[in-house]
Amino acid sequence: MKNKPMMVSPSVKNKSYINEKRIVYISNPFNMHFDRKDKNDTTLLNLYKQLLYPRMIEEKMLILLRQGRIGKWFSGIGQEAIAVGSTLAMNSTEYILPMHRNLGVFTARHIPLRKLMAQWQGKVTGFTKGRDRSFHFGTQEHKIIGMISHLGPQMALADGIALADLLAGNPAATLVFTGEGGTSEGDFHEAINVASVWNLPVIFLIENNGYGLSTPISEQYNCKYLVDRALGYGIEGIQVDGNNILEVLDTISAVAEKMRNDPKPVLIECLTFRMRGHEEASGTKYVPQELLEAWAKKDPVKNFEAYLFEQDILSDTLVTELKTKFKREIEEEIESAFSDPEPVADPQAELADMYAPFHQQVIAPAHQKPVDQNPSNQSLPDRDSFNQNFSNQSRELRYLDAISDGLRIAMTEHPNLVLMGQDIADYGGAFKITAGFTEAFGKHRVRNTPICESAIVGAGLGLSINGYKALVEMQFADFVTCGFNQIVNNLAKTHYRWGEKADVVIRMPTGAGTGAGPFHSQSNEAWFTKTPGLKVVYPAFPYDAKGLLLAAIEDPNPVIYFEHKYLYRSLIGQVPEGLYTVEIGKANVLKEGTELSIITYGLGVHWALAYLDKHPELAVTLIDLCSLQPWDKETVAAAVKKTGKVLVLHEDTLGSGFGAEIAAWIAEYCFEHLDAPVMRCGSLDTAIPMSKPLEESFLAKSRLAETIEKLKAY
Ligand SMILES: Cc1ncc(C[n+]2csc(CCOP(=O)(O)OP(=O)(O)O)c2C)c(N)n1
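Numbering (my numbering), first residue to last: 626 to 1339.
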């Protein structure tokens, strides 16, 4: 290893390191060499202060740990030059996405220690009001977006943030951290690949500290240096001595400066060492003593201090003065945070904070006044009254065309809306819903993505954080599994954790009926209705498909929008021209009768309608839920009261399907109105088979008639 940063250019042929015997890289130690370039004494002294401050905070934390006054601590001792140097290399308006050992990022951005301590101690005055721990928070004020516990997803957020800057014509770089352990996650690959393909101004900084918990790098990856991976992504890679603050600062300053005017990602590997346990309780027994001793000699604070002594910038008196001042400040800030109040649990406030505040003003189709969603005497015109009154402003559209129409209108209504998905640009998407969109809105807003659901959902959140709205098309709802973490952990929990909205809609072409087998036909809405923080809508008609899509896009919360593939081209309905929205959380009563109620959604609505067409004698109240999260309990309760018998029907498999939630709720809250047990009709608890007879037998539809008979006869 050389003192100079190692540049890896994509044009250089990579060597094969695979067979080389490799232990932790201290076997090739490097001497520290500081090159001040044109930095004056004041600048260097300031750097020293910035480096010393987090070190002293950490030393205090270790004392507090020993005293039992704090619980966990993830130490960054020995790694401060990376956090501090890289943060100082960025403009204060540029986003940084740090990890769990990067205290120096937070101190270099001047976040008051009292507030940080309050966060770590779960105080109500912390960034997450006691809802999340350690550095797991974001702050728009300081342009820091903290990690979630999961290693990896933050890298895709950086892509989205950088994309927003690019689209806005804002010459800015984004800096995102990962440990070397985190580079083994698919998220690392996906995010860098997207950034490379889209020329995003992101600095991917690997903080290679030798161990991921107890796992040494020799068991983590099998190339010689992680920076070599840059070649594979077609981007520049630079390796630096992460313990040398000047090298980190100068390298990243130069990279960021270049990137602002010539946007493209760069991979930077900072070599350092984890001097303490993964967290304090886990210790360092598994780390060879000679490694710790060798790296202790490379301590970033002590070495820089020695250099400043050499340069006559520091003196014993000055160091003592500084340390005394910092010690006093740290004591005061920490003690005052200890006396901050604990959160007082208020379940209503907790529930409310799962979602960004938003009061939907339902927009009626043209020539109708907007209708407030709350007053119970007002409601949207139903399809029939709409058709009678406004047929000249509506047209017949297929379900699929209604979605497309809604999307087109949303693109005009929201100039900050960005669509992302596989093959959605010139090809128009797997189902042609975005056909013609690139001509109308440009490829910068209608973006073909590499095949990487996790990175794209994460980029959606990044866009939202940086002022945009995002809509992600899953090519098939089944493939959402590959983006699951970003949805249930990042989109869903961000507002609750630190008050930032996640303005992202995920379109989910879902469902069976086309003989497409286990991986192109699943109904997976229950994965998401189970996750607080998400809204889930599932239109069954073209009218609702358009109105709910526009509502979902308007809503600043993450909305999972299910669209049934079987209905795409088989269902036609009247759809108003222009902009209108359908109320999220409101069911449609499609038929009213007193014998029994059928509560359903999606394709289930059409199964029920077909059944009732054949049985006109049966007086059924038929409810299309339209929204599953939130869902319309009021309308369901009214139907139960009127009919006393209820069937919950859905295409999803029966066990733990969304029907279980409805049935349980009815049993608990409407028990006295029931004349029979709530019955459920769902699909078989198997994977979805492909062949027609098997698929038919799988689907709930094949058991609908018998379940209705059973309920009638009860
Ligand atoms: C997806 C995921 N898997 C496992 C973990 C548990 N875990 C937390 S930190 C850690 C080691 C991380 O190593 P590295 O990325 O090198 O960062 P370091 O802790 O060394 O700074 C592990 C395995 C996690 N947080 N997220």
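Even glycine gets a Cβ: it sits at the ideal position worked out from N, Cα and C.
Cβ pair residue i, residue j closer than 9 Å
| i | j | result |
| --- | --- | --- |
| I1112 | P1183 | yes |
| G1245 | A1235 | Reading off the sequence shown, one finds Val at residue 1245, where the question assumed Gly. For V1245 and A1235, no; Cβs fall outside 9 Å. |
| A1060 | Q1100 | no |
| F781 | E815 | Note on residue identity: the sequence assigns Ala, not Phe, to residue 781. Yes, the Cβ-Cβ distance between A781 and E815 is below 9 Å. |
| N727 | E872 | no |
| S1089 | D1128 | yes |
| G1158 | Y1121 | yes |
| L1204 | I1028 | no |
| G1136 | K1190 | yes |
| M979 | A1141 | no |
| E1220 | L1253 | no |
| G902 | S700 | yes |
| Y1294 | A1264 | no |
| L1025 | I1058 | yes |
| A1165 | L1228 | yes |
| A743 | A962 | yes |
| D875 | D666 | no |
| L1271 | L1299 | The sequence shown places Val at residue 1271, rather than the Leu named in the question. In this structure, L1299 lies closer than 9 Å to V1271 by Cβ. |
| D965 | Q746 | yes |
| I817 | Y846 | no |
| I721 | I770 | yes |
Supposed contact pair residue j and residue i - C-beta distance, whole angstroms, cut 8 Å
| i | j | result |
| --- | --- | --- |
| L776 | G811 | Rounded, the Cβ-Cβ distance is 11 Å, inconsistent with contact. |
| E1276 | A1325 | 6 Å |
| Q864 | V852 | 4 Å |
| A991 | P1167 | 17 Å between Cβ atoms; not a contact. |
| Y985 | E1208 | Here residue 985 turns out to be Gln, not Tyr, going by the sequence shown. The Cβ separation is near 6 Å, so the contact holds. |
| Y1163 | Y1226 | 5 Å |
| K685 | E904 | About 16 Å separates the two Cβ atoms, so there is no contact after all. |
| T753 | K740 | 11 Å between Cβ atoms; not a contact. |
| C1251 | K1216 | Not a contact, Cβ separation roughly 15 Å. |
| N1115 | L1096 | That belief does not hold up - the Cβ atoms of N1115 and L1096 are roughly 16 Å apart, past 8 Å. |
| G804 | N834 | 7 Å |
| A797 | T718 | 7 Å |
Check: residue i C-beta below 8 Å from any heavy atom of ligand 3
| i | result |
| --- | --- |
| R1033 | Ligand 3 is not among the ligands present in this structure, which contains only ligand 1. |
Beta-bridge partners of residue i, as assigned by DSSP
| i | result |
| --- | --- |
| I893 | L830 and I863 |
| T1225 | D1249 |
| C1306 | L1274 |
| M1133 | F1187 |
| L1022 | G1198 |
| V1071 | L1044 |
| L1096 | L1044 and V1130 |
| N1213 | D1249 |
| V1161 | I1185 and Q1254 |
| P841 | Y836 |
| L800 | I721 and I828 |
| T764 | I769 |
Selected residue, minimal CA-CA separation from residue i, among the options
| i | options | result |
| --- | --- | --- |
| L917 | I702, Q1199, T949 and G1053 | I702 |
| S711 | N665, S940, N869 and V1071 | N869 |
| I893 | L792, H761, T840 and F829 | F829 |
| H725 | R694, Y678 and Q779 | Q779 |
| V1071 | A820, D1048 and G1282 | D1048 |
| T808 | G785, Y932 and C848 | C848 |
| K1266 | A1292, P1255 and G1280 | A1292 |
| G1280 | L1174, S1148 and I842 | S1148 |
| P1040 | I1178, V1230, V709 and I1197 | I1178 |
| R1305 | A1330, P1318, R1023 and G1046 | A1330 |
| L677 | S759, T1332 and K948 | K948 |
| V1043 | D1030, L1022, R1020 and G1067 | G1067 |
| T732 | P679, R694 and L792 | P679 |
| A855 | P890, A1065 and E975 | P890 |
| H735 | G755, R694 and Q675 | Q675 |
| P888 | R1194, R899, I860 and I682 | I860 |
| T1106 | A1151, H1069, F1062 and A1065 | A1151 |
| P925 | L896, P972 and T1139 | L896 |
| T1074 | T1063, K1094, G1046 and Y1093 | G1046 |
| P723 | V1230, P982 and T764 | T764 |
| S1019 | P913, E1038, L1175 and G1198 | G1198 |
| L792 | D1103, R885, R899 and G867 | R885 |
| E1098 | L1174, G1092 and I1131 | I1131 |
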